[in-house]
Amino acid sequence: MPLLSTQLSEIVLAGVSAAQQDGALPSFELPEQIHLTRPKRREWGDYSSALPLQLAKRIGHSPVDIANHIQDHLPKSQILAHSTVSEPGFLNVTLSSDWLCSQVSRVINAGSSFADLKLYSNKSAQVEFVSANPTGPLTVGHGRGGVLGDTLSNLLGAVGYQVTREFYYNNAGQQMRKLGESLRVRYLQSLGITAQLLEDHYQGEYLMSLGAELVEHHSDSLSEEDWETFKDLAEEDIAAKQHSTLSRLNIVMDVLFNEQSLYEDGSIDKVVDKLRQKKLAYDKDGAVWFAVNNLGGSDDRVIVKSTGEPTYRLPDIAYHCNKMERKFDLVIDVMGADHKDSFPDVILGVKAMGYEFDRIKLLMHQFVNIKGERMSKRSGNFISLDDLIDEVGADVVRFFMLMRASESHLEFDIDLAREQSDKNPVYYVQYAHARICSILEKATLAGFSFKDAKMDGLVHPSERLLMRNLLELSDTIDRAVREMAPHYLTTYVRDLASSFHTFYGDCRVLDDDNVTLTLARLNLIRAVRIGLARALNLLGISAPESM
201 MPLLSTQLSE IVLAGVSAAQ QDGALPSFEL PEQIHLTRPK RREWGDYSSA LPLQLAKRIG
261 HSPVDIANHI QDHLPKSQIL AHSTVSEPGF LNVTLSSDWL CSQVSRVINA GSSFADLKLY
321 SNKSAQVEFV SANPTGPLTV GHGRGGVLGD TLSNLLGAVG YQVTREFYYN NAGQQMRKLG
381 ESLRVRYLQS LGITAQLLED HYQGEYLMSL GAELVEHHSD SLSEEDWETF KDLAEEDIAA
441 KQHSTLSRLN IVMDVLFNEQ SLYEDGSIDK VVDKLRQKKL AYDKDGAVWF AVNNLGGSDD
501 RVIVKSTGEP TYRLPDIAYH CNKMERKFDL VIDVMGADHK DSFPDVILGV KAMGYEFDRI
561 KLLMHQFVNI KGERMSKRSG NFISLDDLID EVGADVVRFF MLMRASESHL EFDIDLAREQ
621 SDKNPVYYVQ YAHARICSIL EKATLAGFSF KDAKMDGLVH PSERLLMRNL LELSDTIDRA
681 VREMAPHYLT TYVRDLASSF HTFYGDCRVL DDDNVTLTLA RLNLIRAVRI GLARALNLLG
741 ISAPESM
């Protein structure tokens, strides 16, 4: 079934076309689709279009006159009840109550597949996210990237993509040597042997704990081993703990890609050789430079240091070429804002290697600030993602990480996250689902049947609002995917929960004296429960049946 926004857009554009054919409006090229918003005042209708305002300067008519001409020529439709025009030139439409009521059974019949869209069937997408260095516990910043990437993956699946979730391990280079050296020092210290960390070593307490564990399991048998042995031990332990942390947030990766493999299979050398062949790499001051400026970029970049060690741009280019070789239709990188300077260079590198780089999209997220009472920092001198999950729970972490647009800084309010009341948006939404489950259980015990309900009795304003908000899930999913904006889903589910709580306060659901209306309202909340559960599932959050 077409999206509601698409259907309404087609109706309005049909009105414009009819007005043109009738001579009421001059001839001009119509847009493919119009943007609809909610009117400022509820009595104006369900949706509003600013198209008349946008056309006014172009065709030399007043916005109100244009809106009136479009209104006069709108085709009849089972979706619309009526339309209005409001200053300074908005065209407002009101959905038909009969049509709204008819959609309730459609939602119920769809069940858990409600709002599944087959827009991109047979298409593949790869989403790379988190991609933390295997040098320490995951931070709350990694948590934001993880939740964004996983929720976006869920949304891509809902519109038909076959999705691959991928974690890229930066397990090559000097950082890994420093990790091995750091753990070796902590191991020796745990044995009582004098050893000192260098200034550029990893100082975290997690390595002290791991060093003590190694003593417990290996005694002093590792005391003569070099840094490489400890590097392998540290990487294995830290990587396992990182994925254990992610699993607490219901995040499971499909592919774990090791940076080291790019060195082992020759991909790194291949990039340098090809750039040299194209005169896009040159030697200067003992280093190898990437001629970014020749490709329209800014300053040229070092890709191999004078020490012979590649900078991070070089393996990143090789990795993205590998992605292109795997023929994904869509490739999305979910990265922190600290990557904003290097990403354009990576894309230019992919372009220079001859790949269709336009398949690669970037979802960049800003940093997370923890606000509120002090938390214990069990990982050392920073709050780890595990610390945060321990403090407020996985559901709350996921929801709060999605409450703002990714490009906005996120202030994570610990005090609000701890609230077990309607002030906490997670509690508020989950309680709506649990309350519906409780009502439906009472109805079943009271002998009410959900079949053969006459839905045309749902005319109360709170019922209309609830139905309209419910039906916006498909459009919300579509927009969230197109704009790579998973936070739209938290807005949807909060609006739906709010309209349900309002409905519950305004409309008695179980009424022995009006069985017909009771059955209609029971079916309505059945549909709302499906919408809430579906949205929460896409968010990776539980939908409790009791609270």
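Heads up: take any position in the sequence shown, counting from 1, add 200, and you land on this note's numbering.
Beta carbons are placed, not taken as given, at the ideal position from N, Cα and C, and that holds for glycine.
* Asked: By DSSP, does A759 sit in helix, in strand, or in coil?
  -> Nothing in the structure corresponds to residue 759, since the chain is present only between 201 and 747.
* Kindly list the residues whose CB is nearer than 7 Å to the CB of M747, restricted to its own chain and excluding five residues on each side of it in sequence; keep chain order. => Counting only residues of its own chain and dropping the five nearest sequence neighbours on each side, M747 has a CB closer than 7 Å to the CB of Q630, Y631 and A634.
* Asked: Mind pulling the beta strand (DSSP E) runs of 3 or more residues that sit fully within the region 388–476?
  -> Counting only runs of 3 or more, we get 455–458.
* Measuring alpha carbon to alpha carbon, tell me which of L671, S606 and T718 ends up nearest K642. => Considering only alpha carbons, the answer is T718.
* Thinking C-alpha only, which one of T429, G357, E525 and G508 is nearest S467? -> Of the listed residues, the one whose Cα sits closest to S467 is E525.
* In chain order, what residues of the same chain lie with their CB nearer than 8 Å to the CB of R559, ignoring the 5 residues before and after it? -> Contacts found: M524, F528, D529, L530 and V531.
* In the DSSP assignment, what are the bridge partners of H539? -> Bridge pairing for H539: absent [DSSP].
* Going by beta carbon distance, what residues of the same chain come within less than 6 Å of H273, once the five residues before and after it are set aside? -> Around H273: G215, A218 and A219.
* **DSSP-derived helix/strand/coil call for N569** => The three-state reading of DSSP puts N569 in strand, counting E and B together.
* **Delimiting residues of the alpha helix (DSSP H) encompassing V482** => Looking at the sequence itself, residue 482 is Tyr, so the reference to Val does not match. Membership of Y482 in any alpha helix (DSSP H) is not indicated; the residue belongs instead to the beta strand (DSSP E) covering A481 to K484.
* Within its chain, find whatever has a CB closer than 8 Å to the CB of T206; leave out the 5 residues flanking it on each side and keep chain order. => Excluding residues within five positions, the ones whose Cβ falls inside 8 Å are Q233.
* Sheet register partners of S248 (DSSP bridge) -> For S248, which the question treats as bridged, DSSP gives the partners T237 and N292.
* Asked: Out of curiosity, what's the CA-to-CA distance linking S423 and G392?
  -> C-alpha separation (whole angstroms): 11 Å.
* To do: With hydrogens ignored, establish whether the beta-carbon of F430 is closer than 7 Å to any heavy atom of the ligand PLP.
  => Looking for the ligand PLP in the displayed structure turns up nothing, as the structure carries no ligands at all.
* Look up L563 in the DSSP assignment and give the residues it is bridged to. => Partner(s): V534.
* Asked: Secondary structure at Q620, three-state DSSP: helix, strand or coil?
  -> In the three-state DSSP reduction, Q620 falls in the coil class, being neither helix nor strand.
* For T507, count neighbouring C-beta atoms within 10 Å of its own C-beta (all shown protein chains included) and say buried if the count is 16 or more, exposed if not. => Only exposed fits T507, as fewer than 16 other CB atoms lie within 10 angstroms of its CB.
* Rounded to the nearest angstrom, how far is the Cβ of W427 from that of R386, given a contact under 8 Å? -> Between W427 and R386 a beta carbon distance of about 12 Å is seen, past the 8 Å cut, so the two are scored as non-contacting.
* Asked: Can you pull the DSSP bridge partners for R384?
  -> Residue pairing for R384: DSSP places it in no beta bridge.
* Hey, quick one: how far does the beta strand (DSSP E) through D613 stretch, first residue to last? -> L610 to D613 is the span of the beta strand (DSSP E), which, as asked, contains D613.
* Apart from the five residues just before and just after V550, which ones in its own chain have a Cβ nearer than 8 Å to its Cβ? -> A distance below 8 Å between beta-carbons, with the five flanking residues on each side excluded, links V550 to the following residues of its chain, in chain order: I517, H520, C521, M524, F557 and I560.
* Asked: Quick one: Cα of F650 to Cα of S248, how far?
  -> Between F650 and S248, the alpha-carbon positions lie close to 35 Å from each other.
* Own chain residues within Cβ distance below 6 Å of D695, not counting five before or after -> These residues qualify, in order along the chain: N669.
* **DSSP state of V488 mapped onto helix, strand, coil** => It is a strand residue.
* **Exposure of D483, with buried meaning 16 or more beta-carbon neighbours within 10 Å** => So D483 ends up on the exposed side.
* **Nonlocal neighbours in the same chain, by C-beta distance under 6 Å from I589, ignoring five residues either side** => Cβ within range, chain order: R448 and V597.
* Asked: Sorted by chain position, which residues of the same chain lie with C-beta nearer than 6 Å to I773's C-beta, five sequence neighbours on each side aside?
  -> Since the first and last residues shown for the chain are 201 and 747, residue 773 lies out of range.
* Asked: According to DSSP, is N325 helix, strand or coil?
  -> Note that residue 325 corresponds to Ala in the displayed sequence, not to Asn. Strand, per DSSP.
* Inspect the beta-carbon positions of A358 and D420 and report whether they are closer than 8 Å. => No. Outside cutoff.
* Asked: In chain order, what residues of the same chain have a beta carbon less than 7 Å from the beta carbon of V415, not counting five sequence neighbours either side?
  -> Once the five neighbours on either side are set aside, the close Cβ partners of V415 are Y387, S390 and L391.
* What residues are listed by DSSP as bridge partners for Y688? -> The beta-bridge partner set that DSSP reports for Y688 is empty.
* Apart from the five residues on each side of it in sequence, which residues of its chain come closer than 8 Å, Cβ to Cβ, to T364? -> Cβ within range, chain order: S324, A325, Q326, V327, D454, V455 and F528.
* Asked: Could you give the C-beta distance for G341 and G536, rounded to a whole number, given that I count them as a contact under 8 Å?
  -> With a Cβ gap of about 6 Å, G341 and G536 count as contacting.
* Asked: Out of curiosity, what's the CA-to-CA distance linking L225 and P231?
  -> The C-alpha of P231 is placed about 15 Å away from the C-alpha of L225.
* Could you tell me if K431 is buried or exposed, where buried requires 16 or more neighbouring beta carbons within 10 angstroms of its beta carbon? => Result: buried.
* **Three CB pairs or more closer than 8 Å across the region 670–688 and the region 643–662** => No contact exists between the region 670–688 and the region 643–662.
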